[in-house]
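Here is the structure we will look at.
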Amino acid sequence: DAGITQSPRHKVTETGTPVTLRCHQTENHRYMYWYRQDPGHGLRLIHYSYGVKDTDKGEVSDGYSVSRSKTEDFLLTLESATSSQTSVYFCAISVGGFTDTQYFGPGTRLTVL
Amino acid sequence: AQTVTQSQPEMSVQEAETVTLSCTYDTSESDYYLFWYKQPPSRQMILVIRQEAYKQQNATENRFSVNFQKAAKSFSLKISDSQLGDAAMYFCAYRYSQGGSEKLVFGKGTKLTVNP
């Protein structure tokens, strides 16, 4: 499973509150990603990181920010959660860079009431 | 825009039979990678098989194989000798490089049911 954990695994919060999701890897991979998965949309990239303090936006980045202060942790923050951000969030890592594959964490189910 | 289309929202197959899941993609890139992922009810995304665009030979992993038609931009997954544990959502994905970073675009998935 490439040593990827996500926390929390489940969270219920209220509209307007800040939320931070954590992705942790144990194998020192350079690339890390945050995706959301919604019915009818499949997986969509939110943000990704290609190194410590190096991040970039994906296709659905509005309302989200990320930080990566050390190789093993990639944080996703919803500054002010909205009901449209209710989703399952997946973290992923790239093994070996561009020429290799991505492996996904177990996911976090977030509900915004 | 890079897009991935899975035209079959749901498929079913009898145990021990063979099933093929379809995937087409749209790209102007010449160097890219294609993947099939499996998502069981546990929601973890498991890599099933991958194909490099520059390789003409179709990738194979045990009971899983692909039919890669680069000119037609088609990338179908064949599952042979289907097993009950194969039941899951299957996602086709296309990966490319942009500005030195990597991108991954997914189709909307095909739900596979395996009947005993």
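In order, the protein sequence lines correspond to chains A and B.
For the first sequence, the working numbering assigns the number 102 to the initial residue and increments by one for each residue that follows.
For the second sequence, the working numbering assigns the number 561 to the initial residue and increments by one for each residue that follows.
Glycine included, each C-beta is placed from N, C-alpha and C at the ideal position.
Counting only Cβ-Cβ distances below 7 angstroms, Met605(B) has contacts in chain A at Phe191 and Phe205, in chain order. Of the residues assessed, Ser642(B) falls on the buried side of the cut-off, its CB having 16 or more other CB atoms within 10 angstroms. Exposed is the label assigned to Gln574(B), since fewer than 16 other Cβ atoms lie within 10 Å of its Cβ. Beta-bridge partners assigned by DSSP to Gln574(B): Asn675(B). Spanning the alpha carbons of Asp174(A) and Thr116(A) requires a straight line of approximately 26 angstroms. Taking 9 angstroms as the upper bound on Cβ-Cβ separation, chain A lies near no residue of the segment 615-646 of chain B.
Sorting Arg210(A), Gln203(A), Gly208(A) and Leu211(A) by C-alpha distance to the C-alpha of Tyr593(B) places Gln203(A) at the top. The beta-carbon of Leu214(A) is placed no less than 8 angstroms from the nearest beta-carbon of chain B. In the DSSP annotation of this structure, Cys583(B) is not part of any beta strand (DSSP E), being labelled neither H nor E. Close partners of Lys668(B) in chain A (Cβ separation under 8 angstroms): Gly141, His142 and Gly143.
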